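Colleague: Mapped onto the working numbering, the consecutive letters of the sequence shown carry residue numbers 2 to 196.
Where is the CB? At the ideal position from N, CA and C, for every residue including glycine.
If you're wondering where the values come from, they're calculated on a predicted model, not measured in any experiment.
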Amino acid sequence: MHDTHTGFSGSGDACIACAAGTYKAAAGSEACGKCVTGKFAGGSAATECDKCGANSDSSPGSAMCECDGGFSGAGDSCAACAAGTYKAVQGSGACTQCQAGKFSEDKVALACEECGAHSDSAAGSTECACDSGYTGSGGKCTACEAGSYKASSGSAACAGAIFGCFRNGCVFVFLCLYLCLCLYLCLFLCLCLFV
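1. Out of Lys25, Ala160, Gly39, which has the shortest C-alpha to C-alpha gap to Ala147?
2. Which term fits Cys19, buried or exposed, when burial requires 16 or more other beta carbons within 10 angstroms of its beta carbon?
3. How far does the beta strand (DSSP E) with Thr136 in it extend, from its first residue to its last?
4. Using a Cβ-Cβ cut-off of 8 Å (strictly less than) and excluding sequence neighbours within five positions of Cys53, which residues of its own chain qualify?
5. Output the distance between the C-alpha atoms of Arg168 and Gln98, rounded to the nearest integer angstrom.
6. Three or more C-beta pairs closer than 8 Å, one from the region 125-141 and one from the region 99-116: is that the case here?
7. Between Gly43 and the rest of its own chain, which residues show a CB-CB distance below 7 Å, the 5 nearest in sequence each way excluded?
8. For Ala144, tell me which candidate among Ser138, Gly134, Ala81 has the shortest Cα-Cα distance.
9. Starting from the C-beta of Gly117, find all residues in its chain whose C-beta is less than 8 Å away, skip the five residues before and the five after it, and write them out in chain order.
10. Starting from the C-beta of Ser45, find all residues in its chain whose C-beta is less than 7 Å away, skip the five residues before and the five after it, and write them out in chain order.
11. Which residue's Cα is closest to the Cα of Gly29: Val37, Cys36, Lys35, Thr48?
12. Would you kindly work out how many angstroms separate the C-alpha atoms of Ser12 and Val37, rounded to a whole number?
13. Tell me which residues share the same chain as Val109 and place their Cβ nearer than 8 Å to its Cβ, disregarding the 5 neighbours each side in the sequence.
14. With DSSP collapsed to three states, give me the class of Thr97.
15. In the structure shown, what three-state DSSP assignment does Gly102 receive?
16. Gly74 lies in the beta strand (DSSP E); which residues open and close that run?
17. Taking DSSP's pairing of strands, which residues face Asp14 in a bridge?
18. Where DSSP assigns a beta bridge to Thr23, which residues make up the other side?
19. How is the beta strand (DSSP E) around Thr143 delimited, first residue to last?
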């Protein structure tokens, strides 16, 4: 009876190569052992298990490593998910873009955060923008003070009132100014003609 070589189990003529995810470091008839967590054996007849690369891991008896959550790629080639994307689970899948109304400002996100009150975001955003009529940054939005306004979304400051004009009252104020200007011009022309 002959002992089997490293990477093989069994005895004599019944030697069988260790399957992927298993190894055998010494000659003999013992069974192949499973690779432990964080190590893998990609091919058959392995004499040792290789360590998983950065940002990846494996379960016992694995033939390959998988990228951690927040990272995408295959095997040892794991890249961080970009800001505005996330990946919640371990595996080789791609990072997913944050939905509208959510954001992720950091790389390696496991989930996207909801935009705060009075703010919103487009899909794939790294931050939320305050709605019109609100100002602030970082998703913390407060209403414009009385007598000021902001017509567009974003982090810009609210603008002050012009001649008492605020939000929807502008039309009335400008109409009054226009009528006053017309009246003044009419009076001026009348005085010039009759003097």
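Modeller: A quick look at the data gives this:
1. The residue given as residue 147 occupies position 146 in the sequence shown. For Ala147, the nearest C-alpha among the options comes from Ala160.
2. On the sequence shown, position 18 is the one that residue 19 refers to. With 16 or more other Cβ atoms within 10 Å, it is buried.
3. Taking the first residue of the sequence shown as 1, we reach residue 136 at position 135. Its beta strand (DSSP E) spans residues 135-138.
4. Taking the first residue of the sequence shown as 1, we reach residue 53 at position 52. A distance below 8 Å between beta-carbons, with the five flanking residues on each side excluded, links Cys53 to the following residues of its chain, in chain order: Gly39, Lys40, Phe41, Ser59, Cys66, Asp77.
5. Locating residue 168 in the sequence shown gives position 167, where the first residue counts as 1. Locating residue 98 in the sequence shown gives position 97, where the first residue counts as 1. Per-residue confidence for Arg168 stands at a pLDDT of 43, beneath the threshold of 50, marking its modelled position as unreliable; the derived number appears in the next sentence. Roughly 36 Å separates the two Cα atoms.
6. yes
7. Reading the sequence shown from its first residue, position 42 is the one you call residue 43. Ala21, Ala64, Met65, listed in sequence order.
8. Sequence index remark: in the sequence shown, residue 144 carries index 143 (1-based). Closest by alpha carbon: Gly134.
9. As a working mapping, residue 117 is identified with position 116 in the sequence shown. So the qualifying residues of the chain are Cys129, Gly140, Lys141, Cys142.
10. Numbered from its first residue, the sequence shown carries residue 45 at position 44. Same-chain partners within the cutoff: Ala18, Cys19, Ala20, Ala21.
11. Locating residue 29 in the sequence shown gives position 28, where the first residue counts as 1. Here the closest residue by C-alpha is Thr48.
12. For the purposes of this step, residue 12 is taken as the residue at position 11 of the sequence shown. For the purposes of this step, residue 37 is taken as the residue at position 36 of the sequence shown. Approximately 25 Å between the Cα atoms of the pair.
13. Here residue 109 is taken as the residue at index 108 of the sequence shown, counted from 1. Around Val109: Gly71, Phe72, Ala81, Cys82.
14. In the sequence shown, counting from the first residue as 1, residue 97 sits at position 96. Reduced to three states, the DSSP call for Thr97 is strand.
15. As a first step, residue 102 must be located in the sequence shown, where it is residue number 101. Three-state DSSP puts Gly102 in coil, outside helix and strand.
16. Here residue 74 refers to the residue found at position 73 when the sequence shown is read from its first residue. Here the beta strand (DSSP E) through Gly74 covers 72-75.
17. To locate residue 14, count along the sequence shown from 1; it is residue 13. DSSP output for Asp14 lists no bridge partner at all.
18. Within the sequence shown, the letter at position 22 stands for residue 23. BP columns for Thr23 point to Lys35.
19. Indexing the sequence shown from 1 puts residue 143 at position 142. Where Thr143 is concerned, the enclosing beta strand (DSSP E) stretches over 141-144.
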